[in-house]
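These notes concern the structure reproduced below.
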Amino acid sequence: MYNIRSVCPTAAALFGIGAFTDAPAMEEVPALTKDGRADRVLLYNPDAVAWWIFEKYRDLFAPALGLDPLVLRMESVMPSVTPVCFASMYSGLMPADHGIRAYVKPVLTVKTLFDALIGAGLKPAICSTGTDSISMIFRERDMDYFIFDTPEEVNAKVEELIRGDRHDLIVAYNGNYDATMHGHGPEAKESLAALRQNAEAYRRLTDTASRAWKGKRWVTGFLPDHGCHEIDGGFGSHGLDMEEDMFVVHLWKGSGQISC
Ligand SMILES: [Zn+2]
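With the numbering used here applied, the sequence shown corresponds to residues 41 to 300, in that order.
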């Protein structure tokens, strides 16, 4: 089983960029394209989608599972809160090494996947909402940032960016499940509806990619940061070193798979 920090060297390897931390690259993901490389990568980050929720509510993931994706159970990092986890996912470093060790959102100064791409002459883009972690901690790079108010606007822009085909890497953030999970509990009907929206969004974006990037090698990922658990009062929470918070479901799809 891999830790979420392996996303960084894995995505770098797809672009032919060598690892710059000691996190192991995942061999299963490059196997999704015909020669282990990708010309275009879309990384969709729904917040707080736990492994246990995936197992319990697999039906809600039907739109995404209809792609017949690679399914991986991934370990998160501690504390299991959003800025800490996404810093690890996109730097390949553990929190002690990237420096975000609590719920704070400073601009990361360590080398990230975005810096590695820029250094290789490639173009990354981030599409996110408000002052959410992904909107904040990867700022101050020479790259495109598209920041909106809602996940719907983010996803519409990502579809436009995929079709426009001006970026090598697109990172998209949706915080809707995290928001409903905190406010109503991980299994409330509002939260389950948000999960379904995340699965549908990943499906739609991957379908768009498979059409717009036809003839290119591409990979898409459904990559949450941490899980969640229910607390007293019908609310949801995360941040602890417990199975519900520390294990997430990651899905990957690539142009080399037969069903594409
Ligand atoms: Zn989060």
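We put the CB at the ideal spot given by N, CA and C, even for glycine.
Residue i (DSSP reduced to helix, strand or coil)
i	result
arginine 45	helix
glutamate 115	strand
threonine 260	strand
aspartate 272	coil
proline 103	helix
tryptophan 253	coil
aspartate 155	helix
cysteine 300	Bear in mind that a pLDDT of 43 at cysteine 300, under 50, signals an unreliable position, so the number given afterwards is only what the model happens to contain. Looking at cysteine 300 - three-state DSSP - the assignment turns out to be coil, as it is neither helix nor strand.
lysine 145	coil
aspartate 137	helix
CB of residue i within 8 Å of CB of residue j, strictly
i	j	result
aspartate 265	aspartate 87	yes
alanine 165	methionine 176	no
tyrosine 242	tyrosine 84	yes
leucine 72	glycine 223	no
glycine 132	arginine 77	no
isoleucine 158	valine 211	no
valine 194	threonine 169	yes
asparagine 43	glutamate 95	no
Cβ-heavy atom distance, residue i to ligand 1, below 7 Å
i	result
aspartate 87	yes
threonine 190	no
threonine 122	yes
aspartate 184	no
aspartate 247	no
aspartate 12	The question about residue 12 has no answer, for the chain in this structure spans 41 to 300.
cysteine 48	no
aspartate 218	yes
In DSSP terms, what residue i is bridged to
i	result
asparagine 214	Pro86
proline 64	For proline 64, which the question treats as bridged, DSSP gives no partner whatsoever.
Neighbourhood of residue i by C-beta, 7 Å cutoff - its chain only, sequence neighbours within 5 removed
i	result
alanine 252	Ile202, Arg203 and Asp205
Beta-carbon proximity list for residue i, same chain, < 6 Å, skipping 5 on both sides
i	result
alanine 228	none
Sequence-distant residues of the same chain with beta carbon closer than 8 Å to residue i, five excluded per side
i	result
glutamate 68	Leu110, Leu112 and Trp292
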